[in-house]
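**Q** Quick note on numbering: the sequence shown equals residues 45 to 771 in the working numbering.
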Amino acid sequence: MSLSSEQLNYSDKTTLINTLLTLYKVVKFAFWLRPFGKYNYNYDYISSLAMTSSPPLPVIHLNIPSEELPSKEWVMLVVQKITILNANKARKFENDIPSFSVGSSIEESSFFDEKLQVLKDIEQEIKSVDSKEYLTNIAWKIASTAKQITQELSPGGVSFSVDDPIESAESSAIDEQLRHIDEQFAKAYQSSETSEELDFSVGVGSDLEDRSGESLDLAFKEIIKENIKLLELESEPSSNVDFSTGGFQDFPSLEDYNKLFVDIRLPQISQRFQEDLIFAYMRVAGPNPLMLQQLSEQNKPLQITNEKYQQIIEKFEFSDSLEAALQEGRLYQADYSMLKDMAQGSFPNNVKKYPAAPLALFAVPPVNSSSRSLIPVAIQCQPPSVSENPPVFTPLDGDNWMVAKTIVQMADSNYHELVSHLGRTHLFIEPFVLASKRKLPAHHKLRILLEPHFEGTILINYGAHKTLIATGGKVDQLLASTIEDDRVLAVEGAKSYLHNFNDVMFPKTLTKHGVGNSAQLPDYPYRDDGRLIWDAIHTWVGSYLSIYYTSDHQLLEDKALQNWAQELVSDQGGRLKNFGEDASGAIKTLNYLIDAVSSVIFTASAQHAAVNFPQSELMSYAPAFPFAIYSPAPTSSEKQGNFMSMLPSLDRSQTQIGVDYLLGSVYYTQLGQYNKGHFKDAKVMSYLGQFQNQLRDIEIEISKKNFSRLMPYKFLLPSQIPQSINI
Numbered sequence: 045m046s047l048s049s050e051q052l053n054y055s056d057k058t059t060l061i062n063t064l065l066t067l068y069k070v071v072k073f074a075f076w077l078r079p080f081g082k083y084n085y086n087y088d089y090i091s092s093l094a095m096t097s098s099p100p101l102p103v104i105h106l107n108i109p110s111e112e113l114p115s116k117e118w119v120m121l122v123v124q125k126i127t128i129l130n131a132n133k134a135r136k137f138e139n140d141i142p143s144f145s146v147g148s149s150i151e152e153s154s155f156f157d158e159k160l161q162v163l164k165d166i167e168q169e170i171k172s173v174d175s176k177e178y179l180t181n182i183a184w185k186i187a188s189t190a191k192q193i194t195q196e197l198s199p200g201g202v203s204f205s206v207d208d209p210i211e212s213a214e215s216s217a218i219d220e221q222l223r224h225i226d227e228q229f230a231k232a233y234q235s236s237e238t239s240e241e242l243d244f245s246v247g248v249g250s251d252l253e254d255r256s257g258e259s260l261d262l263a264f265k266e267i268i269k270e271n272i273k274l275l276e277l278e279s280e281p282s283s284n285v286d287f288s289t290g291g292f293q294d295f296p297s298l299e300d301y302n303k304l305f306v307d308i309r310l311p312q313i314s315q316r317f318q319e320d321l322i323f324a325y326m327r328v329a330g331p332n333p334l335m336l337q338q339l340s341e342q343n344k345p346l347q348i349t350n351e352k353y354q355q356i357i358e359k360f361e362f363s364d365s366l367e368a369a370l371q372e373g374r375l376y377q378a379d380y381s382m383l384k385d386m387a388q389g390s391f392p393n394n395v396k397k398y399p400a401a402p403l404a405l406f407a408v409p410p411v412n413s414s415s416r417s418l419i420p421v422a423i424q425c426q427p428p429s430v431s432e433n434p435p436v437f438t439p440l441d442g443d444n445w446m447v448a449k450t451i452v453q454m455a456d457s458n459y460h461e462l463v464s465h466l467g468r469t470h471l472f473i474e475p476f477v478l479a480s481k482r483k484l485p486a487h488h489k490l491r492i493l494l495e496p497h498f499e500g501t502i503l504i505n506y507g508a509h510k511t512l513i514a515t516g517g518k519v520d521q522l523l524a525s526t527i528e529d530d531r532v533l534a535v536e537g538a539k540s541y542l543h544n545f546n547d548v549m550f551p552k553t554l555t556k557h558g559v560g561n562s563a564q565l566p567d568y569p570y571r572d573d574g575r576l577i578w579d580a581i582h583t584w585v586g587s588y589l590s591i592y593y594t595s596d597h598q599l600l601e602d603k604a605l606q607n608w609a610q611e612l613v614s615d616q617g618g619r620l621k622n623f624g625e626d627a628s629g630a631i632k633t634l635n636y637l638i639d640a641v642s643s644v645i646f647t648a649s650a651q652h653a654a655v656n657f658p659q660s661e662l663m664s665y666a667p668a669f670p671f672a673i674y675s676p677a678p679t680s681s682e683k684q685g686n687f688m689s690m691l692p693s694l695d696r697s698q699t700q701i702g703v704d705y706l707l708g709s710v711y712y713t714q715l716g717q718y719n720k721g722h723f724k725d726a727k728v729m730s731y732l733g734q735f736q737n738q739l740r741d742i743e744i745e746i747s748k749k750n751f752s753r754l755m756p757y758k759f760l761l762p763s764q765i766p767q768s769i770n771i
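1. Is A726 near the ligand NAD - that is, is its Cβ less than 8 Å away from at least one heavy atom of it?
2. For K483, collect the residues of the same chain with a Cβ closer than 6 Å to its Cβ; drop the 5 residues on either side in sequence, then sort them by chain order.
3. Tell me the residue span of the beta strand (DSSP E) that contains I419.
4. Taking its Cβ as the centre, do 16 or more other Cβ atoms sit within 10 Å of P428, making it buried, or is it exposed?
5. Select from T127, G389 and Y353 the residue whose C-alpha is nearest the C-alpha of N271.
6. Looking only at its chain, what residues have a beta carbon closer than 8 Å to the beta carbon of S365, apart from the 5 residues adjacent to it on each side?
7. Go to F406, then tell me how far its alpha helix (DSSP H) extends in each direction, as first and last residue.
8. So is S595 buried or exposed if we call it buried at 16+ other beta carbons inside 10 Å?
9. Thinking C-alpha only, which one of L707, I591 and S414 is nearest F9?
10. Can you check the region 414-469 for any alpha helix (DSSP H) of at least 4 residues that lies completely inside it and give the ranges in chain order?
11. Check for me: the beta strand (DSSP E) holding Q337 runs from which residue to which?
12. Among R416, A387, A653 and M382, which residue has its Cα nearest to the Cα of F360?
13. Taking the alpha-carbon positions, what's the K749 to W578 distance?
14. Please return the same chain residues whose Cβ sits closer than 8 Å to the Cβ of D572, not counting the five positions on each side in sequence.
15. Should P485 go down as buried or exposed, given a rule of 16 or more other Cβ atoms within 10 Å for buried?
16. On a Cα-Cα basis, can you pick out the residue from A368, D741 and S664 that is closest to Y301?
17. Just checking, does the region 690-705 make contact with the region 100-111 on the three C-beta pairs under 8 Å criterion?
18. DSSP three-state label for N84, please.
19. Among P569, M120 and G618, which one has its Cα closest to the Cα of F472?
20. S282 to H105, Cα distance in whole Å?
21. My assumption, with CB atoms under 8 Å, is that A422 sits in contact with L277. Please give the rounded CB distance.
22. Considering only C-alpha positions, which residue in the set K397, V644 and I513 is nearest to S675?
23. For A668, name the three-state secondary structure that DSSP assigns.
24. Just the C-alpha distance for P402 and K191, rounded to the nearest angstrom, thanks.
25. What's the C-alpha gap between S414 and F437?
26. Select from F623, A479 and K683 the residue whose C-alpha is nearest the C-alpha of V548.
27. Restricting to runs no shorter than 4 residues, where is the alpha helix (DSSP H) found entirely within the region 566-619?
28. Anyone know if the C-beta pair for Q377 and P345 falls short of 9 Å?
29. Does A538 have its Cβ less than 9 Å from a Cβ in chain B?
30. Among the residues of its own chain, which have a CB less than 6 Å from the CB of S525, if the five just before and after it don't count?
31. Could you round the C-beta distance between D443 and N686 to whole angstroms and report it? I think they count as a contact, below 8 Å.
32. How would you write the range of the beta strand (DSSP E) that A650 sits in, first residue to last?
33. Mark Q700 as exposed unless 16 or more other C-beta atoms lie within 10 angstroms of its C-beta, in which case mark it buried.
34. Could you name the residues that DSSP lists as bridge partners for S97?
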């Protein structure tokens with residue numbers, strides 16, 4: 045049975061409303077209830093995956109310890125992004141329905157630009173907040189700005205009053221839910237031991253400028269209500285979408301996809317994604333920059349002859365031979381064979397999606413060339429095990445070349461979200477968070493160093509389990525396979541790193557992939573910027589740990605440290621393999637501890653930034669990074685395909701914008717900027733100052749490099765790297 049467009053919209057709205065209501069509970073809980081709960085492992089949630097479990101928190105009913113709840117500042121950053129996102133979708137509706145326009149288009153544009161700027165500027169205000177009262181003022185500003193936008197967008201200029209009955213059963217139900225939440229918290233307070241005075245008053249004057257009896261939770265209620273009004277103004281899916289088949293009566297144009305971005309900036313990639321050099325550049329500066337592997341002379345580079353290779357490279361205006369490129373180490377491939385067993389997805393409306401496991405070949409021009417940027421050479425859309433005698437496409441194949449590149453981008457997006465992002469950052473870090481909480485005392489020097497790099501990770505992983513990768517969730521809607529196979533792939537991605545811990549440290553990964561030599565592969569922003577960050581973190585960690593461990597013997601005598609290591613390798617704990625300096629997982633030398641801790645911090649900060657924030661800047665644009673394709677890979681080069689026919693519907697692309705914008709635009713904390721007073725030991729402060737100065741120098745160096753790159757690579761600018769995986 046297929047879902048109607050109204051049901052799809054209802055599902056998206058329900059998810060957002062439930063998210064806002066949960067965040068409201070979190071805000072109240074963070075103010076008034078005491079932390080409790082223990083860290084345990086729940087092996088039943090997803091096979092072979094450790095997930096935090098504890099007694100459910102009262103009222104919120106989250107099965108995580110309350111000390112893992114986010115700060116109110118984090119919650120407000122998320123709410124600010126949700127409000128911008130809903131304004132973008134509501135304005136898309138207003139732009140599509142001219143009769144809703146109020147005043148001239150120039151006046152409207154100026155009005156909305158002004159209000160959007162207010163919402164954007166609030167981000168910096170939240171990050172610099174220094175009191176509960178100031179945060180409350182910020183919350184009221186978000187509510188007030190959202191109200192002005194809804195009033196301007198409302199049909200005929202109709203305004204909504206907070207105290208007036210809202211002509212929507214949905215909004216009335218929200219009022220009832222908010223009252224119910226307050227009653228729950230009142231009961232929880234009465235049964236608690238806290239002596240804090242609580243204010244569970246309900247209701248607020250219709251004028252948002254009236255600050256009498258204000259509180260953060262009242263302001264938050266108004267934000268929820270105004271966001272619901274924005275949701276009510278969203279457009280129905282475009283009329284050209286045929287939800288019964290998932291196809292289009294008339295394929296939308298790229299301009300149709302561009303128009304989905306109103307108050308959210310249209311990504312720069314939208315103007316250049318069809319260029320061959322930009323397609324290749326995404327392997328070295330895109331959201332998934334660890335797919336390239338150098339080919340050796342023993343590897344057979346697809347079915348490309350030297351003659352064909354020379355015809356291809358003529359398009360890029362240099363001369364070369366396939367043999368020379370192979371011998372000189374200038375041939376690379378991106379192999380997505382890990383996706384070859386992914387089942388065909390069809391959720392949410394029983395429309396077939398087409399997973400693929402392509403193999404793409406790339407080359408670097410020789411030393412004497414005018415440009416040495418990576419170029420694409422050939423693409424095999426499916427491995428022989430999936431498709432018998434699969435064709436190989438090249439830049440000489442007309443429209444089918446764009447089709448083949450789109451299939452690679454789809455595979456890259458799926459591999460990115462499930463393996464590189466979820467598996468190898470979020471799930472990879474989780475065992476270290478739990479082992480540190482369970483085995484390192486609060487005063488232990490290693491725990492003090494690591495704790496800021498773990499902030500928010502348990503919560504965001506829990507949220508991913510309950511929403512994103514839940515059955516019927518956004519991953520199920522958007523990605524190409526079934527949700528069951530998606531989960532399996534994410535776990536396999538995590539295992540591949542957790543079971544090879546000592547081999548997946550950043551420098552070793554570059555060496556293993558054969559991409560460390562800048563003479564062979566000169567243009568690799570992720571590698572070059574990542575090395576700067578790795579070296580800075582490694583130096584800082586080494587300086588810090590050397591204060592407390594002056595000999596290797598001290599490491600062996602540190603029972604808490606050794607218990608931490610044992611927890612990580614235990615079958616009842618983190619189940620890591622290849623961790624430590626022998627089969628028991630023991631940590632015997634300071635050098636090893638520095639490497640291991642540096643790897644954890646680098647993954648939690650820089651590596652996560654490198655794969656998370658491109659979601660907003662790059663992957664929110666579905667034509668460049670489709671999460672699924674809706675027609676199969678071509679089986680021959682004789683029939684020319686149309687890549688537009690493969691793309692997600694506008695409705696599903698709007699959902700992709702929402703997910704990627706929210707996940708890829710919340711910047712909370714900054715690498716190297718620890719909370720004031722976090723380190724009590726004065727001996728640490730001089731080394732911390734050196735770390736911060738080194739990061740500032742790196743910021744300048746990367747910014748200079750970006751002027752000469754095909755596209756700026758901003759994801760490893762230190763100012764853009766949060767301390768932890770918190771979104």
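Where a beta carbon is used, it is the ideal one built from N, C-alpha and C, also for glycine.
**A** On the basis of the coordinates in this document:
1. The ligand NAD is not among the ligands present in this structure, which contains no ligands whatsoever.
2. Residues N607, W608 and E611 of the same chain have their beta carbon placed closer than 6 Å to that of K483, with the five preceding and five following residues left out of the count.
3. According to the DSSP assignment, I419 belongs to the beta strand (DSSP E) that extends over I419 to Q424.
4. Flag for P428 reads exposed.
5. Residue T127 is the option with its Cα nearest to N271.
6. Within the same chain, S365 has close Cβ partners N350, Y353 and Q354.
7. DSSP places F406 in no alpha helix (DSSP H) but in the uninterrupted beta strand (DSSP E) bounded by L403 to A407.
8. It counts as exposed.
9. With the chain represented from 45 up to 771, any question about residue 9 goes unanswered, as that position is not in the structure.
10. Along the region 414-469, the alpha helix (DSSP H) occurs as fully enclosed runs of 4 or more residues at 443-459, listed in sequence order.
11. Element bounds for Q337: L336 to Q338.
12. Answer by Cα proximity: R416.
13. The alpha-carbon atoms of K749 and W578 are separated by roughly 18 Å.
14. Taken in chain order, the residues that qualify are S562 and K749.
15. Within 10 angstroms of the beta-carbon of P485 lie fewer than 16 other beta-carbons, which makes it exposed.
16. It is S664 whose Cα lies nearest to the Cα of Y301.
17. They do not touch, by the three-pair rule.
18. If DSSP states are grouped into helix, strand and coil, N84 belongs with the strands.
19. Looking only at P569, M120 and G618, the smallest Cα-Cα distance to F472 is reached by G618.
20. Caution is warranted here: a pLDDT of 41 is assigned to S282, below 50, making its placement in the model unreliable, and the coordinate value is therefore given only provisionally. Rounded to the nearest angstrom, the two C-alpha atoms are 38 Å apart.
21. The Cβ separation is near 48 Å, so there is no contact.
22. Answer by Cα proximity: K397.
23. In the structure shown, the three-state DSSP call for A668 is coil.
24. Answer to the nearest angstrom: the Cα atoms are 48 Å apart.
25. The C-alpha of F437 is placed about 26 Å away from the C-alpha of S414.
26. It is F623.
27. Listed in chain order, they are 569-592, 596-601 and 603-613.
28. One thing to note: Q377 has its Cβ within 9 Å of the Cβ of P345.
29. Here chain B cannot be found, since the structure has a single protein chain.
30. Taken in chain order, the residues that qualify are M386, A387, G389 and P399.
31. 6 Å between Cβ atoms; contact.
32. Neither: A650 is in no beta strand (DSSP E) and is coded neither H nor E.
33. Classification for Q700: buried.
34. Its beta-bridge partners are N84.
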